[in-house]
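J.: Here it is: the structure, laid out below.
Numbering (the working numbering), first residue to last: 1 to 179.
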């Protein structure tokens, strides 16, 4: 976790508490954080392509939008190309925008900006997924989101929101790496 503009430590704590509460298995967490930095500074989180070796899952919670180094993006994507699953949260969609399309391909979307804080109505029930199986609608106050023109063909939309008469994906799954 790390980067600019977000309360990553708070987000990590909430994520850990919520996932620990619903998990049927003990979760062994390894949290690596990056101190806040300028958006163009290369993060130290991913210095090695082996940084995720031995982990069952990588949760991406960072914001490095102006990093342009293609070799860094290659190191970040390396474990996922080998099959390590990922969860990409919130501002991570902004990461590595300046480096080209590899990160966006991995994320499954081409979100290029974020909205200001507003009310969001999030709708579920788009799929038979075991992840989200009901048609619940959530009302969220003071939220920002990253509008995506769409998701890649290898994606399945789980949740969406509507803004100005247009539907936007909010959560989706994506197949990446070996299938």
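Even glycine gets a Cβ: it sits at the ideal position worked out from N, Cα and C.
These figures come from a predicted structure and were not determined experimentally.
(1) Keeping to the same chain, check which residues put their C-beta closer than 6 Å to that of residue 122; ignore five residues upstream and five downstream.
(2) Quick check: what's the CA-CA separation for residue 86 versus residue 60?
(3) Give me the Cα-Cα distance between residue 165 and residue 119, rounded to the nearest whole angstrom.
(4) Since residue 49 contacts residue 95 with CB under 8 Å, what's their CB separation in whole angstroms?
(5) Give the list of continuous beta strand (DSSP E) stretches no shorter than 3 residues that lie fully inside the segment 58-107.
(6) If distances are taken between C-alpha atoms only, which option among 129, 55 and 173 comes closest to residue 152?
(7) Could you round the C-beta distance between residue 88 and residue 46 to whole angstroms and report it? I think they count as a contact, below 8 Å.
(8) So, is residue 157 buried or exposed, given that buried needs 16 or more other C-beta atoms within 10 angstroms?
(9) Suppose you measure from the CA of residue 19 to the CA of residue 107; what does that come to, to the nearest Å?
(10) Determine the burial state of residue 3: buried for a count of at least 16 other Cβ atoms within 10 Å of its Cβ, exposed for fewer.
(11) Beta strand (DSSP E) containing residue 28: first to last residue?
(12) Can you find the residues in the same chain that come closer than 6 Å, C-beta to C-beta, to residue 80, ignoring five residues on each side of it along the sequence?
(13) From the DSSP output, in three-state form, read off residue 131 for me.
(14) Is it buried or exposed, residue 91, if we count other Cβ atoms within 10 angstroms and call 16 or more buried?
(15) Should residue 99 go down as buried or exposed, given a rule of 16 or more other Cβ atoms within 10 Å for buried?
(16) What does DSSP give as the partner residue(s) for residue 168 in the beta ladder?
(17) Over the uninterrupted alpha helix (DSSP H) stretch that includes residue 10, give me the two end residues.
(18) Roughly how far, in whole angstroms, is the beta-carbon of residue 52 from the beta-carbon of residue 84, given that I think they are within contact range, below 8 Å?
T.: Judging by the given coordinates:
(1) 138, 159, 161 and 170
(2) 7 Å
(3) 15 Å
(4) Rounded, the Cβ-Cβ distance is 17 Å, inconsistent with contact.
(5) 58-60 and 86-88
(6) 173
(7) Residue 88 to residue 46, Cβ: 14 Å. No contact.
(8) buried
(9) 22 Å
(10) For residue 3, the pLDDT reaches just 48, beneath the cut-off of 50, and the residue's location in the model is therefore unreliable, leaving the point undetermined.
(11) Element bounds for residue 28: n/a, residue is neither H nor E.
(12) 86, 176 and 177
(13) coil
(14) buried
(15) buried
(16) 161
(17) 8-22
(18) 5 Å
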